[in-house]
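Peer 1:
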Amino acid sequence: MIDCSHEAKANYLWHPNDFIIISSLCAPEDTVVLADATEEGVSTQKALENLSRQKPDMVIIALSSAAWKDDYAFFHKTKELFPGKPVFVLGDIFLETEYKELILKECSGIVANPYLLDLSLMARGSHGAALPGVVTNLSDKPYPSKQPLSAATGIPRHELFLNRSYCFPLAHRFKFATVTAMWGCPFSCAYCTDSKIQPFVRRWEDVLCELEHLAGLGVEELFFSDKTFGFPLENAQALTVAMAERFKFSWCCYFHPQLYNEKLLETMAAAGCHTLIVGIDSADQESLRQFGRNVKKEKLEALIYKADSLGMSICADFIIGLPHESEEDVRRTLSYALGKPLDFASFNIAAPLPGSNIRQIAKEKKQLTFGTEGFDSYGRAGILGGAKISEERLKRLRRNATISFYLRPSYIVRRLKRTTSLEHLANQMRQMIALFGKNR
Numbered sequence: 003m004i005d006c007s008h009e010a011k012a013n014y015l016w017h018p019n020d021f022i023i024i025s026s027l028c029a030p031e032d033t034v035v036l037a038d039a040t041e042e043g044v045s046t047q048k049a050l051e052n053l054s055r056q057k058p059d060m061v062i063i064a065l066s067s068a069a070w071k072d073d074y075a076f077f078h079k080t081k082e083l084f085p086g087k088p089v090f091v092l093g094d095i096f097l098e099t100e101y102k103e104l105i106l107k108e109c110s111g112i113v114a115n116p117y118l119l120d121l122s123l124m125a126r127g128s129h130g131a132a133l134p135g136v137v138t139n140l141s142d143k144p145y146p147s148k149q150p151l152s153a154a155t156g157i158p159r160h161e162l163f164l165n166r167s168y169c170f171p172l173a174h175r176f177k178f179a180t181v182t183a184m185w186g187c188p189f190s191c192a193y194c195t196d197s198k199i200q201p202f203v204r205r206w207e208d209v210l211c212e213l214e215h216l217a218g219l220g221v222e223e224l225f226f227s228d229k230t231f232g233f234p235l236e237n238a239q240a241l242t243v244a245m246a247e248r249f250k251f252s253w254c255c256y257f258h259p260q261l262y263n264e265k266l267l268e269t270m271a272a273a274g275c276h277t278l279i280v281g282i283d284s285a286d287q288e289s290l291r292q293f294g295r296n297v298k299k300e301k302l303e304a305l306i307y308k309a310d311s312l313g314m315s316i317c318a319d320f321i322i323g324l325p326h327e328s329e330e331d332v333r334r335t336l337s338y339a340l341g342k343p344l345d346f347a348s349f350n351i352a353a354p355l356p357g358s359n360i361r362q363i364a365k366e367k368k369q370l371t372f373g374t375e376g377f378d379s380y381g382r383a384g385i386l387g388g389a390k391i392s393e394e395r396l397k398r399l400r401r402n403a404t405i406s407f408y409l410r411p412s413y414i415v416r417r418l419k420r421t422t423s424l425e426h427l428a429n430q431m432r433q434m435i436a437l438f439g440k441n442r
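So, in C-alpha cells, the structure goes:
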C-alpha cells in the first residue's frame, strides 16, 4: 500500500484504498481491471497468467516494505508482460530515498498522492513533462506548495471492490465498503509512516455523493480509512450531521485523541459510527512527546469514557518495544489496557517503518541495510529488538498481552452485550479464532 504495509493479526484483508481512490479519477469510458493476487488467493504464476490476458494502456503496481523482495520480483515480471507501456508504482517503501532512486530507474514514476493524478497524461507517457501527484525524479515535489484544505473529487468504482473476499474485523456486516474523506495525516508522530504524507481533505459534499452511490449499491457497512477521521472539524461535523439525516450506515474509523470534541463524537454516533480505532500507543503519554506525539492523558481518557457512554466501541492500538521502553513500561501499558473500557486491543511491536525515526536510528546503528526489509508491527517476518528488550522477549510480551486482554471473562461478557446481530457475532468469532491461531 502507499502508506503503511503490515501483517494482519487476525483473519482480515483491507480494501486497497489507494486503488479505490485512483478508480475515482477514471473517465466513464475507461475500462479498469483490479488484480489482487492476495485477495484472489492465487499463486504468482497464476496471477501473471491472468495479467497476460490484459491489454492495458497503463499499469499501476503496489509494492510494500513488508513484502519487498516478492513485490519487487513481481514488479519486474509484470513489466516484462507489457513492454513499452507506462508502469507506475506506489508503496510505503518509496518514502526511503534509496528505494526511490532504485525504482525511478525502472518505472515511469511513483504515485505520491492518488487524488492529484492525471491518468490520461500518465497513460500517454510523461516524455519529461511533470506529472501531478507523481514523482518522476528525486528532485520532484509532488505536493502543491500550498495544499488546499479541501478539493473536489469523483466517485470511486466501488463495484470493482465489493463482493470480493476482503474482510474487516470491526465490521458489523461481512459486506462493507471503504471510504476516504482525508488522505495523509496532519500529525507528526515520528514513529509513524503516515506523518510523512501531506493531508488532502475531500469536501464533505463530495463524500456525501459517494455515500449516495454506495447506498444505491445496497451497502450498509463502511470503513472510513482516514488516518484520523475528524480533520478538519468543520468538514467532519457537516458530513456526520448530513449522514445522520440521510443514511443508516454503520461504520468505524481511525480517530486521533487530539481531535476529541464532545459534539463531534455525538454526531458521529448519531450517524452510525460504532467503533473508533484509537492510537493510545503507551500508558506513558508524556514519554511519547520525544516522538512528536503530544496528547494529554486527560483528553485521551475523556475520549475513551465519552465513547463508552455513547455505546461506541474502542479499538486501542498500542506500541511495545519503543527504543526507550523497558519490560516494566510494557507491563504498565498492558495494565492500562486492562483497566479501561476498551473493546479491542492491537499490540504492535515497534518496527522500522519507512519514513520513521525508528528506521533512521536502526540505519545509523547498522541494524538495517539497503534491501533488508520484511519488518512489520506484528513481528512475523522480523523484529529489530531494542537496547532494553530482546527480539524473542518482545514476541512473548506481545503474545502474552493479547491473551491477557482477550481471555478475561468480563471482556467476553462485554463483547457479547455489544454484539448486534448473528452476522456480527459470526464475524467476531471468525476473527477471534484467527487471532488466537496466530498467537499459538
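In the working numbering, the protein residues as written are 3 to 442. The beta carbon of each residue, even a glycine, is placed where N, CA and C say it ideally should be.
(1) Please specify which runs of the alpha helix (DSSP H), each continuous and at least 4 residues long, are wholly inside the segment 120-144, giving them in chain order.
(2) Give me the Cα-Cα distance between G93 and W185, rounded to the nearest whole angstrom.
(3) Among P30, D20 and S45, which residue has its Cα nearest to the Cα of L36?
(4) Between G43 and V243, what straight-line distance do the alpha-carbon atoms span, to the nearest angstrom?
(5) Under 8 Å: do the segment 320-336 and the segment 412-427 share three or more Cβ pairs, one atom per stretch?
(6) Report yes or no: is there a C-beta of chain D within less than 8 Å of the C-beta of F377?
(7) Take every Cβ of the segment 154-163, pair it with every Cβ of the segment 223-242, and state whether three or more of those distances are shorter than 8 Å.
(8) Identify whether R257 lies in helix, strand or coil by the three-state DSSP scheme.
(9) Since L224 is in the beta strand (DSSP E), which residue starts that stretch and which ends it?
(10) On the three-state DSSP scale, how would you describe C169?
(11) Can you tell me where the beta strand (DSSP E) with S315 in it begins and where it stops?
(12) In whole angstroms, give me the CA-to-CA distance for M3 and P18.
(13) Mind checking whether A309 and L340 have CB atoms under 8 Å apart?
(14) In terms of residues, what are the limits of the alpha helix (DSSP H) holding N429?
(15) List the endpoints of the continuous beta strand (DSSP E) containing T195.
(16) Check the DSSP bridge columns for Y111 and list the partner residues they point to.
(17) Counting along the chain, where does the beta strand (DSSP E) carrying D72 start and finish?
(18) Going by other Cβ atoms of all chains shown within 10 Å of its Cβ, with 16 needed for buried, is N115 buried or exposed?
(19) Please state whether DSSP places R395 in a helix, a strand or coil.
(20) Please name the residue or residues paired with C275 in a DSSP beta bridge.
(21) Report back the beta-carbon spacing between Y413 and F293 to the nearest angstrom; my notes put them in contact at under 8 Å.
(22) Do V34 and Y25 have their beta-carbon atoms positioned less than 8 Å apart in this structure?
(23) At the level of alpha carbons, what is the spacing between N350 and R400?
(24) Three-state secondary structure (DSSP) at G341?
(25) In three-state terms, what does DSSP make of T180?
(26) Please report the straight-line C-alpha distance between F249 and P343, rounded to a whole angstrom.
Peer 2: For this structure:
(1) 121-126
(2) For the purposes of this step, residue 93 is taken as the residue at position 91 of the sequence shown. For the purposes of this step, residue 185 is taken as the residue at position 183 of the sequence shown. Those two C-alpha atoms are separated by around 14 Å.
(3) For this step, residue 36 is matched to residue 34 along the sequence shown. Measuring from the Cα of L36, the nearest candidate turns out to be D20.
(4) Position 41 of the sequence shown, counting from 1, holds the residue named residue 43. Position 241 of the sequence shown, counting from 1, holds the residue named residue 243. Spanning the two alpha carbons is a distance of roughly 40 Å.
(5) no
(6) As a matter of chain content, chain D is missing from the structure shown, which is built from one protein chain.
(7) Put simply, the segment 154-163 does not touch the segment 223-242. Fewer than three CB pairs are less than 8 Å apart.
(8) Taking the sequence shown and counting its residues from 1, the one referred to as residue 257 is at position 255. For the record, residue 257 in the displayed sequence is Phe; it is not Arg. Strand at F257.
(9) The residue labelled residue 224 in the question sits at position 222 within the sequence shown. From DSSP, the beta strand (DSSP E) with L224 extends over E223 to F226.
(10) Looking up residue 169 in the sequence shown gives position 167. C169: strand per DSSP, three-state reduction.
(11) Here residue 315 refers to the residue found at position 313 of the sequence shown. Element bounds for S315: S315 to I322.
(12) On the sequence shown, position 1 is the one that residue 3 refers to. On the sequence shown, position 16 is the one that residue 18 refers to. Because the pLDDT of M3 is 43, which lies under 50, any placement of that residue in the model is unreliable, and the question is left without a value.
(13) Residue numbering aside, residue 309 sits at position 307 when the sequence shown is read from its first letter. Residue numbering aside, residue 340 sits at position 338 when the sequence shown is read from its first letter. No, Cβ-Cβ distance for A309 and L340 is not below 8 Å.
(14) Against the sequence shown, residue 429 aligns to sequence position 427. Unbroken alpha helix (DSSP H) run through N429: L424 to K440.
(15) Counting from one through the sequence shown, the residue named residue 195 turns up at place 193. Where T195 is concerned, there is no enclosing beta strand (DSSP E), because DSSP gives it neither an H nor an E.
(16) Counting from 1 along the sequence shown, the entry for residue 111 is found at position 109. It should be pointed out that residue 111 corresponds to Gly in this sequence rather than to Tyr. G111 is bridged to F90.
(17) Here residue 72 corresponds to residue number 70 of the sequence shown, with the count starting at 1. Here D72 belongs to no beta strand (DSSP E); instead the alpha helix (DSSP H) covers W70 to L83.
(18) Along the sequence shown, one-based indexing puts residue 115 at 113. When all chains shown are included, N115 counts as buried.
(19) For this step, residue 395 is matched to residue 393 along the sequence shown. If DSSP states are grouped into helix, strand and coil, R395 belongs with the helices.
(20) The residue given as residue 275 occupies position 273 in the sequence shown. For C275, which the question treats as bridged, DSSP gives the partners W253.
(21) In the sequence shown, counting from the first residue as 1, residue 413 sits at position 411. In the sequence shown, counting from the first residue as 1, residue 293 sits at position 291. About 29 Å separates the two Cβ atoms, so there is no contact after all.
(22) Position 23 of the sequence shown holds residue 25. Position 32 of the sequence shown holds residue 34. Going by the sequence as given, residue 25 is Ser instead of Tyr. Against a cut-off of 8 Å, the Cβ pair of V34 and S25 comes out as a contact.
(23) Translated into positions along the sequence shown, residue 350 becomes position 348. Translated into positions along the sequence shown, residue 400 becomes position 398. Straight-line Cα distance between these residues: approximately 7 Å.
(24) Working through the sequence shown from its first residue, we reach residue 341 at position 339. Correct three-state label for G341: helix.
(25) Walking along the sequence shown from the start, residue 180 turns up at place 178. The answer is strand: DSSP assigns T180 an E or B state.
(26) Working through the sequence shown from its first residue, we reach residue 249 at position 247. Working through the sequence shown from its first residue, we reach residue 343 at position 341. Taking the straight line from one Cα to the other gives about 29 Å.
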